[in-house]
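Trainee: Sharing a structure with you now.
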């Protein structure tokens, strides 16, 4: 009787050993591939974020900025090209996807128009804009930054802003459009003092 095998004595053990080596090699290869994919994903993410760094607004950006703010239900009635000198924008493929600005009144500044397109949220853009705007205010010698918010008090509290009595804001700031008419009385007023901040 024949079984069709031409194995030599002891060949079964060698084959099992080779099979284990092959399986181990395959597992290592799969692990290395997964690690490479994670590394590439991290690199791609970093490249995307570097492309979204805040940059100064340009005069021609006003229409697209207004469209973004309107989509985010933020006031636009008082904005014109004069405000753009103190606005920062994030772009993706040339499209404005995030914005934030400052309005200066004497020794105080108003942080306003912080908006992120729905398609680009949860990427840290708002935090990055706030950090840059705070530094801009500090560079301008401002001692305080105020803001009004209807839905993001927690976000701003995590970034050093504290609730502040709206009736106690500096008179010049109280006369700006956002305080006088554009933001509802129910909006939370918040302040961050810069005098005690350490430079970024």
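Numbering (this note's numbering), first residue to last: 11 to 210.
Every residue, glycine too, gets a C-beta built ideally from N, C-alpha and C.
Using a threshold of 8 Å, state whether the C-beta atoms of residue 88 and residue 196 are closer than that.
Mentor: For residue 88 and residue 196, no; Cβs fall outside 8 Å.
Trainee: Should residue 103 be labelled buried (16 or more other beta-carbon atoms within 10 Å of its own) or exposed?
Mentor: Counting Cβ neighbours within 10 Å, residue 103 comes out exposed, since fewer than 16 surround it.
Trainee: Under 8 Å: do the region 128 to 135 and the region 157 to 173 share three or more Cβ pairs, one atom per stretch?
Mentor: The region 128 to 135 is not in contact with the region 157 to 173.
Trainee: Here's the rule I'm using: 16 or more other beta-carbon atoms within 10 Å means buried, otherwise exposed. How should residue 202 be labelled?
Mentor: Label assigned to residue 202: buried.
Trainee: How about residue 114 and residue 148: do their beta carbons lie closer than 8 Å?
Mentor: It is not a contact, given that the beta carbons lie outside the stated cut-off.
Trainee: With a 10 Å radius around its C-beta and 16 neighbouring C-beta atoms as the bar for buried, classify residue 177 as buried or exposed.
Mentor: Exposed is the call here.
Trainee: Can you tell me whether residue 152 is buried or exposed? The criterion is at least 16 other CB atoms within 10 Å of its CB, across all chains shown.
Mentor: Answer is buried; the Cβ neighbour count reaches 16.
Trainee: Taking the C-alpha atoms as reference points, what is the distance between residue 130 and residue 105?
Mentor: Looking at the two C-alpha atoms, the distance is approximately 11 Å.
Trainee: Is residue 164 buried or exposed, if buried means 16 or more other CB atoms sit within 10 Å of its CB?
Mentor: Exposed is the call here.
Trainee: DSSP has residue 166 in a bridge; who is on the other side?
Mentor: DSSP lists no partner for residue 166.
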